[in-house]
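See below for the structure under consideration.
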Amino acid sequence: MARDQAVPEVDPRRLLVFRTVGRAGSMSAAARELGWTAPAVSQQLKRLERDLGQPLLLRSARGIRLTEAGQVLLRHADAIAARLGVAAEELSALADLRAGRVRLAAFPSASATLVPRAMRQLAERFPELQVRLTEADPAVARQLLLAGEVDLALLFAYDEEGESFEDLVTLPLADDPIRAVLPPGHPRAADPEVSLADLSDEQWVAGCVRCRTHLMECAAVAGFTPDIRHVTDDYVVTQTLVAAGLGVALLPELALAAASPSHTVTAALVPPQGRRLLLAHAPGAESLPSVAETIAALLAAVSG
Numbered sequence: 385m386a387r388d389q390a391v392p393e394v395d396p397r398r399l400l401v402f403r404t405v406g407r408a409g410s411m412s413a414a415a416r417e418l419g420w421t422a423p424a425v426s427q428q429l430k431r432l433e434r435d436l437g438q439p440l441l442l443r444s445a446r447g448i449r450l451t452e453a454g455q456v457l458l459r460h461a462d463a464i465a466a467r468l469g470v471a472a473e474e475l476s477a478l479a480d481l482r483a484g485r486v487r488l489a490a491f492p493s494a495s496a497t498l499v500p501r502a503m504r505q506l507a508e509r510f511p512e513l514q515v516r517l518t519e520a521d522p523a524v525a526r527q528l529l530l531a532g533e534v535d536l537a538l539l540f541a542y543d544e545e546g547e548s549f550e551d552l553v554t555l556p557l558a559d560d561p562i563r564a565v566l567p568p569g570h571p572r573a574a575d576p577e578v579s580l581a582d583l584s585d586e587q588w589v590a591g592c593v594r595c596r597t598h599l600m601e602c603a604a605v606a607g608f609t610p611d612i613r614h615v616t617d618d619y620v621v622t623q624t625l626v627a628a629g630l631g632v633a634l635l636p637e638l639a640l641a642a643a644s645p646s647h648t649v650t651a652a653l654v655p656p657q658g659r660r661l662l663l664a665h666a667p668g669a670e671s672l673p674s675v676a677e678t679i680a681a682l683l684a685a686v687s688g
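Residue numbers for the sequence shown follow the numbering used here, beginning at 385 and rising by one.
Okay, here's the thing in structure tokens:
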């Protein structure tokens, strides 16, 4: 039964020096190619032979010849050099954005407006960069980010929320004003501005839990409890219900842009209300070229 033999540790730098010598055919030629002195090259080869425990070169006045062990090692050194070359090319491609992937999570109205504009810009500038979108509400998007399943997350927070993002890096993108959505026959339909108190006697169409909470808190400040008759996360359904005269609603401007108003009118709220759009990522992620360019594209999408 053969005894287990320890595998010698090989310094890859010495291995590549050996490859250069083997291909050049002499110490002096290899030294010129490497930009070293011949004694420095010889020293590296002696250390490699000591590490491996067998001679790799036969030295003579005429030059060098590879031993059988040297011929075997040269084949593997060629393969290693090739793999390192491929790795260097792939890293260069990532740095130049000729390859790479960015995983982005975004809430629905951003997914329908800002994200397509940013993705189109990235596709034009970096056609090999893959941007993969997952639509997710802010709470889910944040968990995906913390779990490392996405690289960037588009989030929103209402003005009155004191949410902490200490575990993430956040970049403010824009303010997203909230507007009242009214049926065209509403008594305040022609007014450019309305207050929540003006709508205290109305039936309401409300959205997600977070949006309903925002509505309830703002209504409480205005001195009433909204009569919520319908609940939907769909902005199109919200506007359709309002257009049918089945209630009024509050929607952010980004949501109105995602689902263009049909047979409804909107008015600014006084005092103004809104939510903040944020871009979040893990600390240090912005140093990756693919992430940095995606952030820049999203900022451009907001400003454009």
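Ideal Cβ positions, reconstructed from N, Cα and C, are used throughout, including at glycine. All values reported here derive from a predicted model rather than from experimental measurement.
Item                                                                                                                     : Value
Straight-line Cα distance separating A558 from A627                                                                      : 29 Å
Cβ distance (whole Å) where M591 is taken to contact D617 below 8 Å                                                      : The amino acid at residue 591 is misidentified as Met; the sequence shows Gly. At roughly 6 Å, the Cβ-Cβ gap stays under 8 Å, so G591 and D617 are in contact.
N- and C-terminal bounds of the beta strand (DSSP E) containing G658                                                     : 658-665
Backbone CA spacing between A463 and L555 [nearest angstrom]                                                             : 45 Å
Validate contact between the stretch 469-489 and the stretch 530-544 using beta carbons, cut 8 Å, 3 pairs                : yes
Cut-off 7 Å between Cβ atoms - residues of its own chain near A681, not counting five sequence neighbours on either side : A502, Q505, L506
Any non-hydrogen atom of the ligand NAP closer than 8 Å to A490 Cβ                                                       : Looking for the ligand NAP in the displayed structure turns up nothing, as the structure carries no ligands at all.
Among L458, A453, L653, nearest to A603 - alpha-carbon criterion                                                         : L653
DSSP three-state assignment for S548, whether helix, strand or coil                                                      : coil
Candidates T650, R596, T622, A676, of which the one nearest S579 by Cα                                                   : T650
Beta-carbon proximity of H647 to Q623, cut-off 9 Å                                                                       : yes
Where F540 falls: helix, strand or coil (DSSP)                                                                           : strand
S493 versus R509: straight-line alpha-carbon distance, rounded                                                           : 25 Å
Anticipated Cβ contact below 8 Å, R563 with L640, distance rounded                                                       : 7 Å
Spatial neighbours of D582 in its chain, beta-carbon cut-off 7 Å, leaving aside the 5 residues before and after          : R572
Backbone CA spacing between A531 and A669 [nearest angstrom]                                                             : 14 Å
Rounded C-alpha distance that separates P610 from D585                                                                   : 8 Å
Residues that V649 bridges to, as DSSP identifies them                                                                   : L566
Where V589 falls: helix, strand or coil (DSSP)                                                                           : strand
CB of L436 within 9 Å of CB of V401, strictly                                                                            : no
Nearest residue (CA-CA) to I448, options D560, F549, S410                                                                : S410
CB contact flag (L589, V534, <9 Å)                                                                                       : It is worth fixing the name first, because residue 589 is Val in this sequence and not Leu. It is not a contact, given that the beta carbons lie outside the stated cut-off.
Reduced DSSP secondary structure (H/G/I, E/B, other) of D462                                                             : helix
R443 - partner residues in DSSP beta bridges                                                                             : I448
Rounded separation between S548 and I679 - CA only                                                                       : 21 Å
Beta-carbon spacing of L432, P673 below 9 Å                                                                              : no
Closest residue to E577 among P655, G607, G629, V553 (Cα-Cα distance)                                                    : P655
For Q428, the first and last residue of its enclosing alpha helix (DSSP H)                                               : 422-436
Sheet register partners of L555 (DSSP bridge)                                                                            : L663
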